[in-house]
Structure formats: C-alpha cells, structure tokens
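Residues in the sequence shown are numbered consecutively from 70, following this note's numbering.
Built from N, CA and C at the ideal position, the CB exists for glycine as well.
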Amino acid sequence: MLNGVAGNKFLFSNENRLVETWWPDFVNRIFPSAVETSPKEEAKRMRRLFPRFLKPEALQSYIGTMDMVTKRHFASEWGNKAEVVVFPLAKSYTFELACRLFLSIEDPSHIARFSRPFNQITSGIFTIPIDFPGTPFNRAIKASKLIRIELLAIIRQRKKDLAEGKASPTQDILSHMLLSNDADGKYMNEVQISDKILALLMGGHESTAASCTFIVKYLAELPLIYEAVYKEQAEIIKSKAPGELLNWDDIQKMKYSWNVACETLRLSPPLIGNFKEAIKDFTFNGFSIPKGWKASHFLTLYWSASSTHKNPEYFSEPEKFDPSRFEGKGPAPYTFVPFGGGPRMCPGNEYARLEILVFMHNLVKSFRFDKLILDEKIVFNPTPKPEMGLPKALNLFSKSDASFFLGTIASVNSWFCMATTNFSAQLSLASGVFAAMRGNKVTEDREFPVSPAEEEP
C-alpha cells in the first residue's frame with residue numbers, strides 16, 4: 070500500500086527509477102500514441118518542452134485573454150437566468166478557453182462542434198471496453214479518430230500560416246510546439262503534435278471544470294467564505310479602469326481566493342490516481358513488488374490524494390472547509406497533492422491556477438447564488454462531479470437583491486445584539502430572512518465593487 074506522506078514521498082521520488090507510468094490496453098486503444106520512445110524518455114522530452122509555454126512567465130501574457138473569454142462566458146451562459154446547471158457550463162467554459170489558448174480557435178460554432186467528440190471520449194473511456202458498434206467504448210474510439218483528423222487539419226493550416234507570416238510564433242501552444250525542438254535538435258512531426266494537443270485539451274478542461282464546479286458548490290454552502298472572496302476581488306476591481314482586463318499583478322493579490330481554491334482541491338481533488346509499472350524489484354513498508362508488475366493506484370500500488378487530504382494527522386478536522394490551512398507556509402510537504410508530484414506532476418498546474426482564479430473573480434463580482442439540491446451525491450466519471458452536475462443547482466440573484474438580503478440581516482443582527490446576547494436566537498432570525506429571500510431572479514451585476522453588505526436596501 071502506497072499511501073500517506075511516506076507513500077507519497079516514496080512514489081514521487083522514485084518515478085522513472087523504480088516505477089513508471091503505464092496505461093492499460095483500453096486506454097491505449099482510445100489514445101494510440103505515435104511515439105516510439107519509452108515512457109521514461111518521452112516524459113523527459115515533455116518536461117523540457119512544456120515549461121516553455123506552461124510556466125508562469127509564459128502564461129502571464131494569456132491572463133487578459135482568459136479574463137475576456139470568462140466575461141463573455143458568464144454574460145452569455147449565466148446572465149439573466151434564474152437557474153443554471155454548473156458542471157456542463159464549467160466544461161463548456163474550460164474547453165472554450167483551452168481551444169482559444171492552445172489553438173487560437175475563437176469561432177463558437179467551431180468550438181461547439183469540436184467539443185462533442187471530447188464528451189464522447191469522457192463518457193466511454195471507463196466503460197466496459199467492448200469495441201462493438203453502438204457501445205460507449207466504440208464511440209470513444211471513433212471520437213478520438215475524429216479529433217485527430219481535425220487536429221491534423223489545424224496543424225497543417227498553422228504550419229502554412231507560420232510560413233507565410235499569417236500566424237505568430239508565440240500566439241499559442243500550437244505555434245510553440247511547431248517551432249520548438251528537443252535537446253537533440255529534433256522537431257515533433259504532425260502526428261506527435263496532435264497526440265500532445267489532444268492530451269492537453271483533455272487534461273486542460275475536464276479536471277479544471279470539476280474544480281470550478283466544486284468551488285461554486287462550497288461558495289454556495291458557505292456565505293461567509295463567499296463574502297471574504299468577494300471583498301478581496303472587490304479591492305482588485307476598485308484598482309482597475311473601466312473595461313480594463315486582469316493582469317499578473319491582480320492575480321498575485323488573490324491570496325485568499327487561492328486559499329479557498331486549494332481547500333476545495335483538498336476536499337475534492339480532481340486527480341483520482343494513475344497506473345504504474347514496477348521497472349525494478351523493490352520493497353516498501355514490508356511489501357515486495359517484483360519488476361514488471363503492472364498495477365493501478367486503486368489496486369496493489371494504491372495511492373490516493375485522500376490518504377493525506379482527509380487524514381486528521383495532517384489536517385485537523387479534515388471534513389471542515391477551512392482556507393486558513395493554506396496561510397503562511399501551508400500544509401506540510403507531501404500532504405497536499407491535488408496535482409500529483411515528482412517528475413509526473415501535472416505540467417498544467419499553473420495554468421489551472423490562473424484559470425480558476427479568473428473564473429472566481431468573474432463569478433463573485435456578478436452573482437450570488439444558493440444551492441437548490443442540498444444532498445447531491447458525488448460520482449466519478451472519471452473526475453469527481455455532483456451526480457446531476459449541480460442540476461438547477463443555483464438560484465442566482467443580482468447584487469442589488471443580495472444587498473437587501475445582507476443589509477436586512479445586518480440591521481436585524483444589530484438590533485438584536487442590543488436586546489439580547491442569545492446567539493442562537495440571532496441565527497434563527499437571520500435564517501428566517503434568508504429563507505424569505507430565496508427564489509429571486511438573476512440580473513447582470515453592476516460593474517462597481519460595492520460589497521453587498523454595504524449597499525442600501
């Protein structure tokens with residue numbers, strides 16, 4: 070059993086020394102690789118390549134575009150609606166952003182058409198692997214082929230545009246890949262690039278969409294956390310000129326918001342596990358693992374983020390949502406691992422951080438919300454998500470409505486504190502006001518940063 074801090078440290082420290090990543094046949098049938106090198110060599114190559122456009126310095130130039138796409142998403146998909154289903158909208162948002170930043174695809178109809186086969190892959194990858202017409206697995210295989218055909222056409226057109234000066238060498242990740250060589254001076258061919266772009270598109274939207282969904286869930290459940298996030302974001306809005314987009318300095322000010330995101334990742338990590346193969350005989354914690362043994366983190370070589378994330382030895386009251394855990398130095402090493410660790414750590418973790426923070430900024434500055442389903446189950450397929458996708462899950466209302474609600478509570482609490490010190494009675498009265506306010510409709514928020522608690526009724 071590889072779990073706990075010792076298991077995390079052992080596994081992350083011995084990647085490509087004692088174990089390496091291995092995918093079962095059903096995954097390889099959906100994602101056949103054009104790479105002929107070993108997983109170890111390919112991992113080294115990608116570690117040299119990805120940082121060029123996924124490190125913070127490279128991603129800074131994308132923040133304005135992220136903000137623009139996010140504003141457009143909330144205006145078109147959330148605005149003027151009484152209810153939304155969060156998870157599919159979050160997937161639509163993260164996929165649109167990935168298409169824009171990775172491939173410079175901006176046409177909404179193109180993005181919508183391109184997203185359909187990705188949804189078929191997600192639906193079929195962890196089903197019974199029977200390749201028979203009409204089965205989800207068969208549809209996933211066909212969808213992967215369609216995506217590769219589309220990607221190859223995009224890649225060839227980009228090569229032509231670069232040669233003719235119609236595209237910029239630095240405009241997106243695709244241009245970077247086409248013009249970047251490895252340590253031996255070799256360039257990837259078109260099929261290899263399509264493999265990498267496919268992996269980035271899959272990893273760059275599904276898991277982040279799940280994280281954004283759970284952030285909405287916790288903000289809806291915890292109004293005090295929501296209010297603290299809103300106040301931090303309001304200070305950033307105050308410093309901006311009208312219409313000015315977010316920048317790197319703004320992101321660096323979102324410390325509490327990122328603590329909230331990290332606590333969400335602790336309680337609901339998007340990474341479940343992955344498959345490993347022992348490349349040498351080794352012993353861990355009294356268990357002998359022979360060379361060549363193939364297993365998953367779910368089985369013999371078991372590893373799960375929850376083995377530390379929800380362990381009271383590392384996080385007191387582990388089921389409690391407490392962003393202060395990430396203040397100062399934060400959790401101890403090897404206890405908080407939502408992106409994995411070691412050489413196989415998710416290369417897009419900084420991209421995910423920026424995407425999540427831009428999402429949170431635009432979410433709280435425009436909407437307040439309330440859950441409609443209080444006890445929705447969490448399922449895994451393959452990432453965690455609310456069973457119904459948070460269906461009709463948010464009752465959205467404008468900040469003007471919210472200010473009346475919060476202002477009323479503040480007035481009632483002020484009066485009540487003068488009359489009595491009975492806290493439970495205060496809470497009961499405030500809850501009654503809250504219940505009376507449920508059901509308001511959503512409208513677009515105003516663009517100035519006034520805290521709901523500070524507005525006049």
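Please state the DSSP three-state secondary structure of residue 256.
For the purposes of this step, residue 256 is taken as the residue at position 187 of the sequence shown. Three-state DSSP puts residue 256 in a strand.
Pick helix, strand or coil for residue 348, following the three-state DSSP scheme.
Start at 1 with the first residue of the sequence shown, and residue 348 comes out as number 279. The answer is coil: DSSP assigns residue 348 none of H, G, I, E or B.
Shortest alpha-carbon distance to residue 346 belongs to which of 77, 86 and 78?
Within the sequence shown, the letter at position 277 stands for residue 346. Checking every option, the nearest Cα to that of residue 346 belongs to 86.
Using the Cβ count rule (16 or more neighbours within 10 Å means buried), how would you classify residue 401?
One-based indexing of the sequence shown puts residue 401 at position 332. Answer is exposed; the Cβ neighbour count stays below 16.
Along the chain, where does the beta strand (DSSP E) that runs through residue 357 open and close?
Along the sequence shown, one-based indexing puts residue 357 at 288. From DSSP, the beta strand (DSSP E) with residue 357 extends over 356-358.
What is the rounded straight-line gap between the Cα of residue 325 and the Cα of residue 442?
In the sequence shown, the residue the question calls residue 325 occupies position 256. In the sequence shown, the residue the question calls residue 442 occupies position 373. For residue 325 and residue 442, the distance between alpha carbons rounds to 27 Å.
To which residues does DSSP link residue 89 through a beta bridge?
Along the sequence shown, one-based indexing puts residue 89 at 20. DSSP lists 346 as partners of residue 89.
How would you write the range of the alpha helix (DSSP H) that residue 447 sits in, first residue to last?
What you label residue 447 is simply residue 378 of the sequence shown in a count that begins at 1. Counting along the chain, residue 447 falls outside any alpha helix (DSSP H), though it belongs to the beta strand (DSSP E) covering 447-449.
Of all the options 342, 432 and 445, which has the alpha carbon lying nearest to the alpha carbon of residue 414?
By 1-based counting over the sequence shown, the position of residue 414 is 345. It is 342 whose Cα lies nearest to the Cα of residue 414.
Straight-line CA distance for residue 101 to residue 261?
Counting from one through the sequence shown, the residue named residue 101 turns up at place 32. Counting from one through the sequence shown, the residue named residue 261 turns up at place 192. Answer to the nearest angstrom: the Cα atoms are 11 Å apart.
Restricting to Cα atoms, I'd like to know which of 423, 382, 389 and 391 is closest to residue 403.
Residue numbering aside, residue 403 sits at position 334 when the sequence shown is read from its first letter. Of the candidates 423, 382, 389 and 391, the one whose C-alpha sits nearest the C-alpha of residue 403 is 382.
Bridge partners for residue 353 per DSSP, in chain order?
Within the sequence shown, residue 353 is the residue found at index 284, counting from 1. The partner list for residue 353 (beta bridge, DSSP) reads 356.
Which of the three DSSP states is assigned to residue 207 in this structure?
Reading the sequence shown from its first residue, position 138 is the one you call residue 207. Three-state result, residue 207: helix.
So, using beta-carbon positions, are residue 436 and residue 331 closer together than 7 Å?
Locating residue 436 in the sequence shown gives position 367, counting from the first residue. Locating residue 331 in the sequence shown gives position 262, counting from the first residue. Taking 7 Å as the Cβ cut-off, residue 436 and residue 331 do not qualify as a contacting pair.
Note the first and the last residue of the continuous alpha helix (DSSP H) segment covering residue 125.
On the sequence shown, position 56 is the one that residue 125 refers to. First-last of the alpha helix (DSSP H) with residue 125: 125-128.
Any contact between the region 138-146 and the region 265-278? By contact I mean 3 or more CB pairs, one from each, below 8 Å.
Taking 8 Å as the limit for Cβ pairs, the verdict is that the region 265-278 does not touch the region 138-146.
Could you give the C-beta distance for residue 356 and residue 93, rounded to a whole number, given that I count them as a contact under 8 Å?
Against the sequence shown, residue 356 aligns to sequence position 287. Against the sequence shown, residue 93 aligns to sequence position 24. Rounded, the Cβ-Cβ distance is 22 Å, inconsistent with contact.
Return the chain-ordered ranges of every alpha helix (DSSP H) run that is complete within the region 161-215 and spans a minimum of 4 residues.
Qualifying alpha helix (DSSP H) stretches, in chain order: 177-193.
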